[in-house]
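Trainee: Structure below; questions to follow.
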Amino acid sequence: MSRQPRSALGVRASVRAYGLAVRLFPAGFRAQFGDELAEAFAEAARERYARHGLRGLARLWLETAADLTVHAGGPRLAAWRGRDPGLSLRDERRTARRARPVIRDVRGGAGMLETLRQDVRFAVRTLVKAPGFTAAVVATIALGVGATTAIFTVVNGIVLRPLPFPGSERVVMICETNPRTSWCGASPLNMADLARESRTLDSAGVGRGEPLIAQIGGESFGVRGGIASPGFFRVLRITPALGRLIEDRDMDRGANHVAVVSEAFWRSRLGADPSVIGRAITVDGQALTIIGVLPPDVFIPIYSGRDLWRPLTASIDNVDNRAWRGFVPLGRIKAGETVASATAELTALHEQLVQAYPEANKDWGLRLEGLRNHLIGPVSRTLWIFLGAVGFVLLIACANVASLLLVRATGRAREFAVRASLGAGRRRLVRQLLTESLVVSLLGGACGLALAVWATRAFVSLAPASIPRLGEVGIDGRVALFAFLLSTATAVLFGFAPARHASKTDLSGTLKGLRVAGGDARLRAAFVVVELALALVLLVGAGLLMRSFGSLLAWDPGFSPEGVTFSFMLPPRDVYPDGQAVGAMQRVRDEAATVPGVEGAAIASGGPLFPGGDGTYAMSIDDRPPMSPDEGPPVEYYNIDPYYFRTLGVKIVRGRDLSTADTFGAAPVAVVNESLVRRYFPNEDPLGHRVTVSDHSAEIVGVVADVAPFYPDQPVRPLIYWPTDQFRRGTGYLIVRARPGVGGIEKAVRARAAAVDPRIQLSAFVDLESAVGSNLVGPRFNMLLVGVFALVAVLLAAIGVYGVVAYSVASRTREIGVRVALGATPDGIVRQVVRGGLGLAAVGLVVGLAGAVALGRLIASLLYGLPSTDSLALAGAAAVFALVTLVACWVPARRAARVDPIVALRVE
Amino acid sequence: MHSSRDAAAFLPLKPDVFTILLVLLEGDAHGYRMIKAAEERTGRKGQLQPGALYRLLKQMLDRDLVREVETPAGQAERDERRRYYRITRLGRQVAEAEAARMAELVSLSRKHHLLKEGEPA
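Chains as they are written, first to last, in the numbering used here: chain R, 1 to 908; chain Z, 909 to 1029.
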């Protein structure tokens, strides 16, 4: 395809779709000719497009659908029936025909394949003769199949396909559990012991992300790095692109000054130097030797995109190291062992570790979870919801198609009656109609597949980055098979009822010109009720997501986020040991505050919508004993400077703010939030009481307003703020509030920080408003996707209602004419027709609302605390629904009212 | 060695098969070339679709009417997915037999004045 790099999207999508359609041919044939088939089609597609544009492509696809049906379907059918005579080179058809009577007996005579060929040829001819009908059906099926296939592609790529490394299904997370934690982590020392003792594990290891600062050639820059034990890479079966990975010999103190870098880092920072192994690089002030380069497409769960890995060295002697569980623990189960057997063995081993190291391991248990499940579990639910929603759209599309087929079959009742009276059997007629719907469905399916290629790309580019494995999403054989089965099933399931129906028409009645429509009308009415009910369920879903999104948009933290930016500050540990980092950060803050346009600057260990803060249950008040976990929610604590509340705009509601007098050595003080007061001092004044957390005890001197959490379903946590000077840490956020509209703040602040000490690292500045925005990406995406589905569903259902009502008006023209002649008013006629349509709508409404309430629980996880029976969403959806159906009924009703009795009675 | 009786067993040929043989008489060709030839011969787009063509080619390969040959020099870098086919001796005999059959029909038609004298068949 390199010859025409600029060929149009339609051609590329067609070629891609045909490449998948080639799979319909039997395997042996495909192996022999598959590539050539695709190449020949590609040539034809390019030529047709060049000469006739999209019309040429459409025509080609119509021919191709017939070609595939006969030449891919035929041999498969024959093989299935156990006899494949192959394709004759002799012109048997022509010789045979000569001997046949003028009116052929289509029931006997011709073989199965020959009949199929005739049916297909006839179907193509009839479809070409009715371009409007064909286009409507193909477009509807393409829409349904395309959307469903696109979402299936995403589900397939993320949920169904195994993770992209060998034997990934045997890799588990080995989580140490505690009633108070929900996240999965493990202590490196415990893991090392487990890995050594276990007979069910092939390998195990831990890893953790760490921000690092690297220096190359005088330039100093932040690196997203990580520390890992050798087993971490062994579990993932990573083979280095250059050199070697971290091994056991790198774990000893003194030998651990080594680093493995990513391929991207090797390219961007090390000039893709093939002799880079052995080169030294300065990281966090230490010289490390580069021992390996990771492969370009390496898969590292949770810490993807990390650029530099160092060996994790934790001294066995220090009990704190054993209690430190902030690591991702991976294990690979040996072939032949199961998760259950590994769980049993590891739990027993872990129990021994609890006995051996009670101070670090008391109250901790063990749980194994498949890695894939751990990574995609939360997302897979959302994706299945999407697939369900789009499945509804498909069903509605199918019901419309069935409705169209039914109308068409009814319109051709005369043709069938003639054919039947000339000797065509009922089965033959049904087969003919089914072939027609098969050809048209396959064509729609092919267009749908092309649409899916495009829609999948759109999904991947619009989806929030928090969805894992998005890069792996793509159309493969399973997806093509899915689309093919979907279109075939559509054809058979939804073509069968109309076909059967048409074949049953009363011969003499039809030939005499009498209409027999009772059964049709009931069937179509049933289709419409189903469509309406499904559409309403989607409408309610979209309404709920919209409401939920609205509540996120309305987030009011209690202060204006406008102009607030933050950056993570990291003074080098070796230059500023212990408490000295606080002083350095304060100097940076003071410099930042004097930048023109800056209204305030502060330091904090965390804050609303930026990560940080520590949680604990071990808080005690005054001299009371520490609380147990079941006494309340965890208490969070931040350390902040005296400018924090002022800079953000959080109100002090009682007592005083922290002040510059609250220095190291002065009496320890704390400020708490209203939630903490409500929870622990419901009826007393908190001022003057003491709170103690991890041996740090302080007097409460003030109470501040709560900052509402971003997600409304989350409670406001009780919170303690300590002064940075009294609760010292080596890092913190620099928070800057600038006057709205002032630019260049980041550059100016960085310059000031560099003037204080160029070795102090500042991460990229993030403004609070865009942090809000990035938290809205996921919910907005959910809302838009389901909203689009609902919109399409409602449109299709409206078309369905319109079709039924319009058809009933058209078939009752005579009756309406008589009524008008007998004195019925136009208003009366409109009312009568609309009433008929709304009757259907009412049934659809009841069924749909019941369905929406029943299915509502499924999307509760996307609603952030909004109940799935939210009355506003239900009422809104019902209102939109009523309006749309009313319009869909009213348009044909108006036409009915304009019926001229004279014309109407002359029709027959 | 095939006798002319072998060739006669294939008659009458499907028009598309005859077309493929005619194209190959002009020289080795790839699949799309045959599709184009069928279109030119009948003046109809989509006369021969890839699925139909390759099923016929498979039969013709199996019956030894054509065989696959190496891609001609100079064409190889264009696209390695393309394969070229050459007519076999039997294929040539079959084409000759079909031509003879048609010629017989033509002369018969002339005799009954369906065609004017000298008009190309």
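C-beta atoms are modelled at their ideal positions from N, C-alpha and C, and glycine is treated no differently.
On a CA-only basis, which of A698(R), N673(R), I396(R), I652(R) is nearest T663(R)? Give me that one, please.
Mentor: A698(R)
Trainee: Check this for me: beta carbons of E345(R) and T200(R), under 8 Å apart or not?
Mentor: yes
Trainee: With a threshold of 8 Å between beta-carbons, can L89(R) be considered close to chain Z, or not?
Mentor: yes
Trainee: For D273(R), count neighbouring Cβ atoms within 10 angstroms of its own Cβ and tell me buried if that reaches 16, exposed if not.
Mentor: exposed
Trainee: Below 7 Å, is the gap between the Cβ of M1010(Z) and the nearest heavy atom of the ligand FMN?
Mentor: The ligand FMN is absent from the structure shown, which contains no ligand whatsoever.
Trainee: Assign C889(R) to one of three DSSP states: helix, strand, or coil.
Mentor: helix
Trainee: Compute the Euclidean distance between the alpha carbons of R814(R) and V903(R), then round it to the nearest angstrom.
Mentor: 9 Å
Trainee: Residues of chain Z with CB under 9 Å from L54(R), in chain order?
Mentor: Result: empty, since nearest Cβ-Cβ is about 15 Å, beyond 9 Å.
Trainee: Can you check DSSP and say which residues form a bridge with L242(R)?
Mentor: V293(R)
Trainee: Taking N361(R) as part of the alpha helix (DSSP H), name the residues at either end of that continuous run.
Mentor: 358 to 361
Trainee: Given a cut-off of 8 Å, decide if A491(R) and S551(R) are closer than it, judged by their beta-carbon atoms.
Mentor: no
Trainee: Considering only C-alpha positions, which residue in the set R646(R), I385(R), A397(R) is nearest to L795(R)?
Mentor: A397(R)
Trainee: What number of angstroms, rounded off, separates the C-alpha of K747(R) from the C-alpha of H52(R)?
Mentor: If I take the Cα positions, the gap works out to 56 Å.
Trainee: Kindly indicate the opening and closing residues of the alpha helix (DSSP H) around E43(R).
Mentor: 27 to 68 is the span of the alpha helix (DSSP H), which, as asked, contains E43(R).
Trainee: Helix, strand or coil: which one does DSSP assign to E1006(Z)?
Mentor: helix
Trainee: What's the C-alpha gap between L395(R) and T488(R)?
Mentor: Taking the straight line joining both Cα atoms gives about 14 Å.
Trainee: Would the beta-carbon of G836(R) fall within 8 Å of that of V884(R)?
Mentor: no
Trainee: Suppose you measure from the CA of F133(R) to the CA of A878(R); what does that come to, to the nearest Å?
Mentor: Straight-line Cα distance between these residues: approximately 31 Å.
Trainee: Find the nearest neighbour of L57(R) within the set R752(R), L443(R), M191(R), judged by alpha-carbon distance.
Mentor: L443(R)
Trainee: Could you check whether the stretch 719 to 738 of chain R touches the stretch 589 to 603 of chain R, counting it as contact only if at least three pairs of C-beta atoms, one from each stretch, sit closer than 8 Å?
Mentor: Touching, yes.
Trainee: Let me confirm a value: Q955(Z) is counted as buried when at least 16 other C-beta atoms fall within 10 Å, else exposed. Which label applies?
Mentor: buried
Trainee: What number of angstroms, rounded off, separates the C-alpha of V155(R) from the C-alpha of D297(R)?
Mentor: 21 Å
Trainee: Which class does P920(Z) belong to by DSSP, given the choice of helix, strand or coil?
Mentor: coil
Trainee: Sort out for me which residues DSSP pairs F566(R) with in a bridge.
Mentor: I735(R), V766(R)
Trainee: Does A915(Z) pass the burial test, meaning 16 or more other C-beta atoms within 10 Å, or should it be called exposed?
Mentor: buried
Trainee: Does G959(Z) have its Cβ less than 8 Å from a Cβ in chain A?
Mentor: The structure shown contains no chain A; its protein chains are R and Z.
Trainee: Say whether chain R places a C-beta atom closer than 8 Å to the C-beta of I995(Z).
Mentor: no
Trainee: In the DSSP assignment, find the unbroken alpha helix (DSSP H) run with W454(R) in it and report its ends.
Mentor: 426 to 462
Trainee: Three-state secondary structure (DSSP) at N683(R)?
Mentor: Coil at N683(R), not helix or strand.
Trainee: When the Cα of R161(R) is compared with those of V766(R), L371(R), L353(R), which residue comes out closest?
Mentor: The candidate whose alpha carbon is nearest that of R161(R) is L371(R).
Trainee: Taking the C-alpha atoms as reference points, what is the distance between L840(R) and V818(R)?
Mentor: In a straight line, the C-alpha of L840(R) is about 25 Å away from that of V818(R).
Trainee: Can you tell me whether D67(R) is buried or exposed, with buried defined as 16 or more other CB within 10 angstroms of its CB?
Mentor: buried
Trainee: May I ask you to report which of helix, strand or coil DSSP gives P211(R)?
Mentor: strand
Trainee: Listing by chain order, which chain R residues have their CB less than 8 Å from the CB of R952(Z)?
Mentor: Going along chain R, no residue has its Cβ under 8 Å from R952(Z), so there is no contact; the nearest lies around 10 Å.
Trainee: Determine the chain R residues that contact V925(Z) at a beta-carbon separation under 7 Å, and present them in chain order.
Mentor: Simply L89.
Trainee: Tell me where the beta strand (DSSP E) around L719(R) begins and ends.
Mentor: 719 to 723
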